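For the sequence shown, the UniProt record's numbering assigns the number 1 to the initial residue and increments by one for each residue that follows.
Report on the following structure.
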Amino acid sequence: MTNAININEAWRSISGDYYDWQATMQPESPYNFDYSQMLTMKIGMAFPDGKGGSNVLCTFERALQYIREADILARGIPKIVYLVGWQYNGHDDRYPAWDEVNVHLKRPQDPTARDSYLWLVEEAKRYNTTVSVHVNMTDAYDNSPHWDLYMEHDLISRNEDGSLLQIGNYNDRAAYQIFYKNEWESGIIVQRIEKLISLLGLDKAGTVHLDAYFPRANVFRGVSQEEESSYMRRTIRYFRERGIDVTSENFAHHRNDPFIGLQPWCWWFDQNQEKHFLERPAKLLSGAAIRDYSIPGIPRRDDLEFLFGAGVHGEDVFWDSDKGIPREEWHDIFIEQICTRMLQYQYLNSIERIRMEGEGDNRIVHYSGGHSVHLADRSVRREGKPLRIGDDVLFPALWQERPELIAFSKEGYSKKSWSLPPDWNEVAAVDIYRITAAGLAEVQLGQQVIGGQLELSLASGAAVSILPYSRS
């Protein structure tokens, strides 16, 4: 991580120019993490209760329990977790201020909520997890401690008639668009970023998630959307100079520049054309669920998620949106999403996209190494041999130092034969363990592999870890 730049004047030299990623096919500067391989999720912590208090979904202590159990269930995969509603009384409260950690989330034994947050950050490292925060740099509310400052310095965008540009209503309060140009030129955004870094140690985390980070024209001041985008690029580059990656809600939605090569990952991956997946490497940009903003209702694109892979949101695993309460029984949902989404996302992102053939449900995407993904029968194949058929999967755990395969079946099956990967050719027998929140549970040790084929039987919803046989 880099040291702090001179906030007196050095930040003024940061460029707002467009980054031409096609010239190098690489990020403008290396990302801190390979998001195409990371399990990147959110945990909803709290939201305002409308009475001056906080509806707590998850305390910092409970968040660590989620992280610990997720680490066990996902076999130690490297993770990033962004906390939503960590500030003031929760999600979307008091922006643009982010000066106070939500006191309702603290541990009883800690002096302050900030101490509890920093405790969680350190403890999560034991479980292969980087903890950071979800913040908003677009919205301003009139109950914010910074509202008068923003009004005094003309930091809220305006409509043509001079009225404030309202962009939504959240927590029963109007949200107004921040005027990025004046916020940058005044230096106020740099001061606020530095305060956030100091408060939460974000330079150590190396990543932050900017929610709904969109440019909108300030018509009253004669500032275009593109000019506002140029100040967003300055802000992202400032974070990068401070050693912090910037992820966001989208790449293209409400934007004239998707910031490819500046922003590595997004929550709703709004890349909806197959040609873009073929042209843009996953290590340059990737995301969680794929959503199509060009279609009424903004549907999920299950077809693109299968053909190219998609990550795991996480927030919908820990939170039951139908009941409006934290989800108590989440392990089965999480295991299914890890096995049917994350493993395929990670695997496909580790090989090169070559070409696509066919149309509609008959589309096939060809990858390097003889790999292909077939939409018709929902299969992933290597040299014609399946790694996945429907919701039965057998993928390598690429993050592990020693060889490991993970098998899962949604419906269950009996005596199905799987071809093991070529680098398992010398493996004559395997040990099989059921994956549970308590750890690995022995299923069978020393099961024979015959001619590179492994016969498996799995119960519905079961996931197993498969390791080369160890006599010890």
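Virtual Cβ for every residue (Gly too), placed ideally from N, Cα, C.
Quick caveat, the model's predicted, so the values are computed rather than measured.
Scanning the region 217-296 for uninterrupted beta strand (DSSP E) segments of 3 residues or longer gives 245-248, 265-269, 286-290, listed from N- to C-terminal end. Around the C-beta of residue 81, 16 or more other C-beta atoms lie within 10 Å, and the residue is accordingly described as buried. The beta carbon of residue 389 sits closer than 8 Å to the beta carbons of 377, 378, 379 from its chain, once the five residues preceding and following it are set aside; these are given in chain order. Judged by DSSP in its simplified three-state form, residue 97 adopts coil rather than helix or strand.
Under the three-state reduction of DSSP, residue 140 is assigned to strand. A contact is defined here as three or more CB-CB pairs under 8 Å, and the region 347-361 fails this definition with respect to the region 100-111. At the C-beta level, residue 44 and residue 319 come within 8 Å of one another. Per the DSSP secondary-structure output, residue 42 pairs in a beta bridge with 82.
Taking all protein chains shown into account, residue 285 has 16 or more neighbouring C-beta atoms within 10 Å of its C-beta and is therefore buried. Residue nearest to residue 465 within the set 414, 415, 409, 426 is 409 (criterion: CA-CA distance).
Counting along the chain, residue 169 sits inside the beta strand (DSSP E) bounded by residues 166-170. Here residue 182 is buried: its Cβ has 16 or more other Cβ atoms, across all protein chains shown, within 10 Å. For residue 467, the three-state secondary structure derived from DSSP is strand.
DSSP links residue 442 through a beta bridge to 433. In terms of Cβ geometry, residue 290 and residue 305 form a close pair [threshold 8 Å]. Only residues of its own chain outside the window of five on either side were considered, and among them 461 have a CB closer than 6 Å to the CB of residue 332, listed in chain order. Sequence-distant partners of residue 127 (beyond 5 residues in either direction) whose C-beta falls short of 6 Å from its own C-beta, in its chain, are 67, 68, 71. Per the coordinates, the alpha-carbon of residue 197 lies some 20 Å from the alpha-carbon of residue 30.
Judged by their CB atoms, residue 265 and residue 18 are not nearer to each other than the 8 Å cut-off.
Within the DSSP secondary-structure output, residue 210 pairs in a beta bridge with 135, 248. Residue state for residue 368 is assigned as helix, using DSSP reduced to three classes. Going by DSSP, residue 353 is part of the beta strand (DSSP E) stretching over 353-357.
Residue 174: member of the beta strand (DSSP E) spanning 173-177, first to last residue.
Contact between residue 136 and residue 212 holds, with the beta-carbon distance rounding to 6 Å and staying under 8 Å. Annotation for residue 419: 385, 452, 453 place their beta carbon closer than 7 Å to its own, counting only its chain and skipping 5 residues before and after. DSSP lists 416 as the beta-bridge partner residues of residue 456. Rounded to the nearest angstrom, the gap between the Cα atoms of residue 220 and residue 358 is 49 Å. In the structure shown, residue 449 falls within a coil segment according to DSSP collapsed to helix, strand and coil. Straight through space, the alpha carbons of residue 322 and residue 141 are spaced by roughly 28 Å. Here residue 119 carries a helix assignment [DSSP, helix/strand/coil]. Looking at the backbone, the Cα of residue 383 and that of residue 254 are separated by about 41 Å.
Nearest Cα to residue 398 within the set 55, 457, 39, 14: 39.
Separation of residue 296 and residue 273 (C-alpha to C-alpha, rounded to the nearest whole angstrom) is 17 Å. Residue nearest to residue 159 within the set 58, 152, 167 is 167 (criterion: CA-CA distance). For the pair residue 442 and residue 243, the Cα-to-Cα distance works out to about 43 Å.
The way I'd put it, the region 175-195 does touch the region 226-238; three or more beta-carbon pairs between them come closer than 8 Å.
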